[in-house]
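Just so you know, the sequence shown maps onto residues 0 to 405 in numbering that gives the first Met the number 0.
Note that CB positions come from ideal geometry on N, CA and C, so glycine has one too.
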Amino acid sequence: MSNIWDIIIVGGGPGGLSAAMYGARSKLRTLLIEKAKPGGQAASTQDMENYPGFAKGTTGPALMQAFADHATSFGAEIMRNEVVSIDAAQKIVYCKDGSQYQGHTIILSPGAIPRTLGVRGEQALRGKGVSYCATCDADFFTDLDIVVLGNGDAAIEESHYLTKFANSVTIVVIHDEGVLDAAPMLQERAFKNPKINFIWNSTIQEIKGDGIVEGVVLRNIKTNETTELETNGVFIYIGTIPLTDFVKGQVNLDSRGYIITDERMETSAEGVFAAGDARVTYLRQVVTAAADGAVAAVAAEKYIIEEEGFAESVLHESRPVAVAFWTPMIPKCIEIMPVIETAIAAYGTQAKLWKLDTYRNQRVAKRYGVVQQPTVLFFHQGEVVNRLGEDEITPAAIKGILDSIL
Ligand SMILES: Cc1cc2nc3c(=O)[nH]c(=O)nc-3n(C[C@H](O)[C@H](O)[C@H](O)COP(=O)(O)OP(=O)(O)OC[C@H]3O[C@@H](n4cnc5c(N)ncnc54)[C@H](O)[C@@H]3O)c2cc1C
């Protein structure tokens, strides 16, 4: 068996585990590398109530164990290790212990972590009133009083969401009165919401509570004066940090470090895909990470089929190969294809025709600069030696090129 894996997945949260399940189920040799216990952030929350089909009572660890079991049941291998860098062109991942693994494709799903405030009480009361995810935890605060720290889009939008559950939401803002970083529309909505009030020029200095959040110590950043405020919960929205340092320079990231992908989850590097919280995306949840993982694995499978098929049938072929880029959606392609077939058939086993549907195989067309269909590229010993554009394809032109090669 080859030492090259079909898919190497970095990160064993819901994105990576879902990709592993889809990959292994398609009979692809799938290796998932996870630096900790599989499950990712989702395994760090006890109450997981919004994964479709799993109502109240489902825990994050249980759901993630089910994800992992599902992936391994189809043959995916899960390995504990930390990936410290990748070579996107060679599809190699390098691990902290010095080992390295090569794949035909790589799926990056390292997740993102909420930026923490770093104040006293924050770590000890995490999950006991301190939260970083309103979508996840809001309903645990029904009819209670909550403090939110932050004033960007996420803080203001999530505060509004929290008012559907909470009795009151107090937003602690570092700026002067009336100044928020959130989009104007979100600001307007927050200012009008009777359940939301603001404390300006302030930050949280300490979170207090005996096993559960009971209050916060606020500090006015202008006067340094501290005050205590009773509260049942603290939601912290001061940004998230994608864990993408190890792919810097290998795939394109946005200004905040999130991986940029297209709708097939492919990154700027061919055959390298990304899924979940680490990519530029609108919603960061288990269900979206899992969906990304499925798309990435299917796209990786298509990539392998496309690349291997092309390499075997065209690049490694000793005879001249005429590659006809076509699509049945363009009438001219349907009209001209019999002409191409007849012209090549006249050479018997001396030459070969390879039809490439550009609708399904956009990547190969793009790589060889094919923008019009039909186009015929003539390959010999792995290289393009000639080409015929849409209006140049005639039996005589095809014969002229094949004769010159043979
Ligand atoms: C406290 C909390 C509660 C939440 N509650 C909910 C909820 O109720 N419902 C919901 O839908 N969502 C919830 N979320 C959000 C949800 O957990 C995430 O959206 C989801 O886990 C993202 O999945 P992911 O696979 O992209 O990344 P992650 O879950 O972050 O998994 C990434 C994995 O990659 C590993 N990793 C990172 N770098 C490397 C490396 N270099 N080498 C090897 N491994 C690496 C990490 O150890 C991690 O296990 C919650 C998040 C938090 C923090």
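Asked: Based on Cα-Cα distance, which residue from SER43, VAL82 and GLY128 lies nearest to LYS95?; Found: VAL82
Asked: Does DSSP classify LEU352 as helix, strand or coil?; Found: strand
Asked: For SER130 versus PHE53, is the C-beta distance shorter than 8 angstroms?; Found: no
Asked: Could you have a look at SER167 and say whether DSSP puts it in helix, strand or coil?; Found: strand
Asked: In chain order, what residues of the same chain have a beta carbon less than 7 angstroms from the beta carbon of GLN186, not counting five sequence neighbours either side?; Found: ILE155 and LEU179
Asked: Return the CA-CA distance between GLY110 and ASP244, expressed in angstroms with no decimal places.; Found: 12 angstroms
Asked: Assuming TYR100 is part of the beta strand (DSSP E), what are its boundary residues?; Found: 99–107
Asked: Tell me whether the region 139–147 and the region 226–233 touch, counting them as touching only if at least three CB pairs, one residue from each stretch, are closer than 8 angstroms.; Found: yes
Asked: For GLN122, which residues of its own chain have a beta-carbon under 8 angstroms away from its beta-carbon, when the five flanking residues on both sides are left out?; Found: THR115
Asked: Using 8 angstroms as the threshold, is the C-beta distance between VAL171 and VAL147 below it?; Found: yes
Asked: Starting from CYS332 and walking both ways along the alpha helix (DSSP H), at which residues does that stretch end?; Found: 330–344
Asked: Can you tell me whether ASP144 is helix, strand or coil according to DSSP?; Found: strand
Asked: Decide if the region 355–366 is in contact with the region 382–393; the criterion is three or more beta carbon pairs, one per stretch, under 8 angstroms apart.; Found: no
Asked: Under a three-way DSSP split, which group does SER84 fall into?; Found: strand
Asked: Given the structure, does VAL285 come close to ligand 1, in the sense that its CB is under 7 angstroms from one of the ligand's heavy atoms?; Found: yes
Asked: Let's test the definition: count the other Cβ atoms within 10 Å of the Cβ of PRO241 and tell me whether it reaches 16, buried, or not, exposed.; Found: buried
Asked: If I follow the unbroken beta strand (DSSP E) through CYS94, where does it start and stop?; Found: 91–94
Asked: Start and end of the beta strand (DSSP E) containing ARG79?; Found: 76–79
Asked: So VAL250 and THR239 are supposed to be a Cβ contact under 8 angstroms. How far apart are they, rounded?; Found: That pair is no contact at about 18 angstroms.
Asked: Based on the DSSP output, what are the partners of LYS207 in its beta bridges?; Found: GLY214
Asked: In terms of alpha-carbon separation, which member of GLN372, GLY368 and VAL294 lies closest to THR326?; Found: GLN372
Asked: Exposed or buried, which one is PRO394 when buried takes at least 16 other CB atoms within 10 Å?; Found: exposed
Asked: To which residues of the same chain is THR226 closer than 6 angstroms at the C-beta, ignoring the five residues directly before and after it?; Found: LEU217
Asked: By the DSSP assignment, the beta strand (DSSP E) with GLU227 in it spans what residues?; Found: 225–229
Asked: Taking DSSP as the reference, what is the three-state secondary structure of HIS69?; Found: helix
Asked: Just confirm the distance between the C-beta atoms of ASN219 and ASN200, as a whole number of angstroms; I'd bet it's less than 8 angstroms.; Found: 5 angstroms
Asked: Taking ILE3 as the reference, which of ARG283, GLY12 and GLN101 has the closest Cα?; Found: GLN101
Asked: When you compare the region 346–359 with the region 304–323, are there three or more beta-carbon pairs, one atom per stretch, that lie closer than 8 angstroms?; Found: yes
Asked: Could you pull the DSSP bridge partners for ARG278 from this structure?; Found: ILE258
Asked: Between PRO183 and THR29, what straight-line distance do the alpha-carbon atoms span, to the nearest angstrom?; Found: 46 angstroms
Asked: Are VAL286 and PRO51 close, meaning C-beta to C-beta below 8 angstroms?; Found: yes
Asked: Since CYS135 and THR222 are thought to touch, with beta carbons under 8 angstroms apart, how far apart are those beta carbons, to the nearest angstrom?; Found: Actually they do not touch by this definition, with Cβ atoms about 35 angstroms apart.
Asked: Hey, would you say the C-beta of GLU48 is under 7 angstroms away from at least one heavy atom of ligand 1?; Found: yes
Asked: Buried or exposed: LYS36, going by 16 or more other Cβ atoms within 10 Å of its Cβ?; Found: exposed
Asked: From what residue to what residue does the beta strand (DSSP E) around VAL9 run?; Found: 4–9
Asked: Please tell me whether ALA310 and VAL375 are closer than 8 angstroms, where the distance is taken between their beta carbons.; Found: no
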